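Single-structure report; data block below.
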Amino acid sequence: MEQVKCLIIGSGPAGYTAAIYAARADLKPVMYEGMEPGGQLTTTTEVDNFPGYPEGVEGPKMMEDMKKQASRFGSDIRWGMVAEVDTSRRPFKVIIDDGYELLAETVIVATGATAKYLGLESEERFKGGGVSACATCDGFFYKGRDVAVVGGGDTAAEEATYLANLCRKVYLIHRRDKLRASKAMQKRVFNTPNIELLWNHEVKEIVGVEQGFTKALNGAILFNNKTGEEKKIDIEGFFVAIGHKPNTDIFKDKLEMDETGYLITRPDSTATSIEGIFAAGDVQDKHFRQAVTAAGTGCMAAIEAERFLGEQL
Ligand code: NDP
């Protein structure tokens with residue numbers, strides 16, 4: 030059976046950065062790209078906040094660049110999904126979804142998280158054309174415009190206050206009459222004059238103009254779930270902030286997670302609850318979720334994997 034020193038699961042900024050560092054440390058990393066090669070950034074347009082791209086870069090292009098850089102040092106990047114990891118003994122036996130099996134001396138889990146969407150057909154159509162799940166990534170495009178955020182947790186509150194600094198008006202659409210966000214975040218929302226809270230409202234449809242590949246969102250149709258009343262708000266950006274789901278299903282009951290499924294790592298480290306398994310990027314970070322922070326923890330994971338292997342000699 031093939032035995033690899035370092036297996037990387039996932040191909041976002043965390044996975045590719047881990048691959049660059051692990052390859053340069055001669056760990057000959059093998060990466061399985063997963064369901065969405067390139068990760069969440071392949072679903073965004075312009076990335077303006079990753080250092081080193083003074084003119085900005087398209088998300089998919091940035092991921093292509095990271096892949097090229099990882100390949101340049103000999104990372105073995107493979108198409109496929111990891112279906113199972115036996116964490117009970119080292120080297121870890123790993124099964125790929127096509128049935129292929131291998132042994133891994135260390136594993137870096139960089140499977141990311143998936144933003145939850147409302148599930149509306151119109152929302153799907155306007156993704157990349159006004160619908161976004163990341164205010165820090167896309168808020169800039171709506172400077173001086175009116176936008177909406179849907180959700181009532183800390184992410185929605187944070188995104189609404191972030192956008193309120195850039196935009197003329199921010200509607201915060203929440204399905205209940207109380208925010209789930211922390212009291213401190215609630216206070217910030219209530220004290221921001223250009224945020225209008227729409228309590229007990231749900232989204233029925235996103236509307237806009239579509240011409241070929243060009244899409245321009247111009248509103249959302251909402252309904253009040255207490256009165257049944259419908260209304261249209263005029264907005265150009267629609268930010269979904271109803272939570273993320275970390276991609277950790279295959280590690281359930283195997284690696285320590287918090288109650289929402291995020292992997293728990295040791296402080297100042299990427300070490301998980303199993304020696305030799307490290308976690309990097311959004312799969313262990315529900316607070317920052319930035320490409321650059323994911324890349325940072327990817328680097329840490331590769332360095333820690335190398336040190337771990339060194340200690341085993
Ligand atoms: P949460 O699960 O906390 O909140 C999700 C929000 O979206 C809830 O208000 C929920 O409504 C609403 N929602 C869920 N599904 C739907 C739906 N289908 N339609 C409409 N609304 C929906 O997710 P967050 O991403 O906000 O936070 C996740 C975790 O990360 C939390 O523990 C949070 O505290 C933490 N976090 C901390 C931050 C910080 O400390 N700076 C920043 C961001 C997140 P309802 O309330 O009715 O259930």
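Whatever position you read off the sequence shown (first residue = 1), add 29 for the numbering used here. For glycine and all other residues, C-beta sits at the position ideal for the given N, C-alpha and C. Here the structure is a predicted model, which means the values were calculated and not measured.
- DSSP places ASN194 inside the alpha helix (DSSP H), whose first and last residues are 183-195.
- Under the DSSP assignment, LEU208 falls outside any beta strand (DSSP E); it carries neither an H nor an E label.
- Residue HIS273 holds the alpha-carbon nearest to the alpha-carbon of LEU147 among THR165, ASP278 and HIS273.
- As the crow flies, the alpha-carbon of ARG217 is around 51 Å from that of LEU131.
- Fewer than three pairs of CB atoms, one per stretch, sit closer than 8 Å, so the segment 133-146 makes no contact with the segment 200-219.
- Following the DSSP letters along the chain, one finds CYS166 inside the alpha helix (DSSP H) bounded by residues 164-167.
- In the three-state reduction of the DSSP assignment, ALA300 falls in the strand class, which pools E and B.
- Here ILE271 is near GLY180, since their CB atoms are less than 8 Å apart.
- ILE293 counts as exposed, since fewer than 16 other beta carbons sit within 10 angstroms of its beta carbon.
- If you check the CB distance, ALA331 and ALA51 come in under 8 Å.
- Counting only unbroken stretches of 3 or more residues, the beta strand (DSSP E) elements lying wholly within the segment 58-102 are 59-61, in sequence order.
- In chain order, ALA142, GLY290, TYR291 and VAL312 place their CB closer than 6 Å to the CB of PRO275, counting only its own chain and leaving out the 5 sequence neighbours on each side.
- A direct Cα-to-Cα measurement between GLU93 and GLU87 gives close to 10 Å.
- Annotated three-state conformation of GLU285 is coil, per DSSP.
- With the rule of 3 Cβ pairs closer than 8 Å, the segment 75-82 does not count as touching the segment 56-64.
- When DSSP reads this structure, GLU259 sits in a beta bridge with PHE252.
- Exposed is the label assigned to LEU342, since fewer than 16 other Cβ atoms lie within 10 Å of its Cβ.
- The three-state reading of DSSP puts GLN32 in strand, counting E and B together.
- A straight-line Cα-Cα distance of about 47 Å links GLY159 and ARG119.
- Listed as beta-bridge partners of ARG107 by DSSP are TYR61.
- Looking at the DSSP output, GLN313 bridges to nothing.
- DSSP, reduced to helix, strand and coil, places GLN215 within a helical segment of the structure shown.
- In this chain, the beta strand (DSSP E) harbouring PHE267 covers 266-269.
- Secondary structure at SER161: strand, using DSSP grouped into helix, strand and coil.
- Counting along the chain, ILE49 sits inside the alpha helix (DSSP H) bounded by residues 42-53.
- For ILE332, the enclosing alpha helix (DSSP H) begins and ends at 320-341.
- Under DSSP, GLU130 forms a beta bridge with ILE124.
- Per the DSSP secondary-structure output, THR143 pairs in a beta bridge with LYS274.
- In the structure shown, the three-state DSSP call for TYR291 is coil.
- Beta-carbon to beta-carbon, ALA144 and ALA309 are separated by about 19 Å, too far to satisfy the 8 Å threshold.
- With respect to PHE121, ASP127 sits apart: the two C-beta atoms are not nearer than 8 Å.
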